[in-house]
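Residue numbers (UniProt numbering): 1 to 216.
Even for Gly, the Cβ is constructed at its ideal location relative to N, Cα and C.
Quantities reported herein were computed from a predicted structural model and do not represent experimental measurements.
Please read the structure below before turning to the comments.
Written out as structure tokens, the structure is:
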């Protein structure tokens, strides 16, 4: 047996020689032989290529198999693993439902606060208008009282002026004519000055003036 020379890849030469012999074979009816030269290489070549491919790309389900192998090393069976996964999924779903309900309650609470805010703004606006109405009525009454005290004669003229001013304060452009806005339902304490009370005073002054004019 002759000695081999150094630094020569004999396996590569064998592969090339095999493939060269294969390529020189005659082709019958336009079809290549059914045996590829890939299968004529040295023994174990395909196994080495498969290991390289497996190490580089892996096989489908390999990670899952490794997961079950790790679980089995810790003393868990696949059935227990599935039960734990179901529990984990159910826990996440329960937390998701609870978070959704919490968000819905928060949104409903915010809407309720917004509704109360709008109601308070409206009530404050109405109360401000009522304060102005009260201020106007009290101003007229104070002026009348002061004029009544200053006059020694012609007191009936003061009553005429008071009656005239009260009639002017009455808001006749509304369906129910009033002197001031009714805001009693906004307040916990009952108001002393009301539209009914002002009407009563006005009618009393009207009757007094009618009697006075009848005498004259």
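Expressed to the nearest angstrom, what Euclidean distance is found between the alpha-carbon atoms of residue i and residue j?
i	j	result
residue 118	residue 135	26 Å
residue 171	residue 162	16 Å
residue 152	residue 197	With a pLDDT of only 49 at residue 152, under the threshold of 50, the placement of this residue in the model should not be trusted; the figure read from the coordinates follows. Whole-angstrom Cα-Cα distance: 28 Å.
residue 205	residue 126	30 Å
residue 122	residue 183	11 Å
residue 93	residue 110	26 Å
residue 207	residue 114	51 Å
residue 169	residue 112	38 Å
residue 97	residue 108	16 Å
residue 143	residue 124	28 Å
residue 35	residue 88	Residue confidence for residue 35 is low, a pLDDT of 47 falling below 50, so the modelled location carries little weight; the figure read from the coordinates is stated next. Their Cα atoms are separated by approximately 53 Å.
residue 33	residue 84	Residue confidence is low: residue 33 scores 49 on pLDDT, short of 50, so the model does not pin down where it sits. No coordinate-derived value is stated.
residue 203	residue 116	40 Å
residue 105	residue 189	35 Å
residue 210	residue 200	15 Å
residue 214	residue 128	42 Å
residue 101	residue 82	28 Å
residue 95	residue 191	53 Å
residue 90	residue 99	14 Å
residue 103	residue 86	26 Å
Going by alpha carbons, who is nearest to residue i out of the options?
i	options	result
residue 186	120, 111 and 97	120
residue 180	104, 166 and 188	166
residue 212	178, 159, 201 and 107	159
residue 133	203, 178 and 199	178
residue 195	86, 102, 137 and 105	137
residue 164	104, 140, 175 and 173	140
residue 130	193, 102, 90 and 214	193
Taking 7 Å as the CB-CB cut-off, is residue i touching chain D?
i	result
residue 199	Considering every chain present, this structure includes no chain D. It has just one protein chain.
**Item:** Contained beta strand (DSSP E) runs [length at least 3] in the UniProt domain "BZIP" (91–148), N- to C-terminal order
**Value:** none
**Request:** Would you mind listing the alpha helix (DSSP H) stretches within the segment 168–208 that are 4+ residues and don't spill past its ends, in chain order?
**Result:** DSSP runs (the alpha helix (DSSP H)) wholly in the segment 168–208: none.
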